[in-house]
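Report on the following structure.
In full-length UniProt numbering, the protein residues as written are 1 to 150.
Structure (structure tokens):
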């Protein structure tokens with residue numbers, strides 16, 4: 001299982017996702033452009049030395065990313081989905097896609113995904129932090145596929 005971030009804007013969120021994936025054994029795909037300099041010290045500060053324990057692949061754009069994932073299913077996490085991420089059946093080779101912090105993904109990107117799910121939350125709030133959402137999603141996906149680290 002992998003986490004893909006579409007045009008992430010906040011270095012600290014990317015660092016936290018890198019650390020999450022290092023701990024859980026998942027790879028990370030970063031779909032450019034990024035909203036910060038890749039060598040930004042905030043990424044390393046948040047990811048700490050965990051950054052050395054995660055496979056990170058950068059892609060020039062969505063088309064380049066999509067061309068590399070082969071037959072893996074692309075699962076978009078969006079507040080606009082009707083189906084709960086907890087009622088969805090994950091596969092071990094799924095790629096879990098998250099949009100940019102300020103705007104999610106454009107409609108054309110959402111349409112290119114194989115599935116769309118949402119993390120249930122109270123109606124009084126708009127969305128969760130990107131890294132928090134990725135942690136909930138990856139944890140559920142790994143739990144369902146019996147691939148949680150021991």
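Positions of the beta carbon are idealized from the N, C-alpha and C atoms, including for glycine. These numbers come from a predicted model, not from an experiment.
Of the residues 114, 95, 115, 122, the one placed nearest residue 57, counting alpha carbons only: Here residue 57 refers to the residue found at position 57 when the chain shown is read from its first residue. Ranking the options by Cα distance to residue 57, first place goes to 95.
Through-space distance from residue 140 to residue 23, alpha-carbon basis: Residue 23 sits at position 23 when you count from the first residue of the chain shown. Residue 140 sits at position 140 when you count from the first residue of the chain shown. Straight across, the Cα-Cα distance linking residue 23 with residue 140 is about 15 Å.
Pick from 123, 45, 33 that is closest to residue 13, judged by C-alpha positions: Here residue 13 is taken as the residue at index 13 of the chain shown, counted from 1. Out of 123, 45, 33, 45 has the C-alpha closest to the C-alpha of residue 13.
Identity of the residues DSSP links to residue 59 by a beta bridge: Here residue 59 corresponds to residue number 59 of the chain shown, with the count starting at 1. Its beta-bridge partners are 31.
Complete beta strand (DSSP E) runs within the region 90 to 119 (minimum length 3 residues, chain order): 95 to 98, 115 to 117
Span separating the alpha-carbon of residue 123 from that of residue 79: Position 123 of the chain shown holds residue 123. Position 79 of the chain shown holds residue 79. The alpha-carbon atoms of residue 123 and residue 79 are separated by roughly 11 Å.
Between the CA atoms of residue 130 and residue 148 - distance to the nearest angstrom: Position 148 of the chain shown, counted from the first residue, corresponds to residue 148. Position 130 of the chain shown, counted from the first residue, corresponds to residue 130. If I take the Cα positions, the gap works out to 21 Å.
Contacts around residue 36, its chain only, beta-carbon distance under 6 Å, and the 5 residues preceding and following it disregarded: Locating residue 36 in the chain shown gives position 36, where the first residue counts as 1. Contacts found: 11.
Residue 114 classed as buried or exposed, judged by whether at least 16 other C-beta atoms fall within 10 angstroms: One-based indexing of the chain shown puts residue 114 at position 114. In this structure residue 114 is exposed. Its beta-carbon is surrounded by fewer than 16 other beta-carbon atoms within 10 angstroms.
Own chain, CB closer than 7 Å to residue 33, minus 5 neighbours either side, in chain order: For the purposes of this step, residue 33 is taken as the residue at position 33 of the chain shown. The answer, listed in chain order, is 7.
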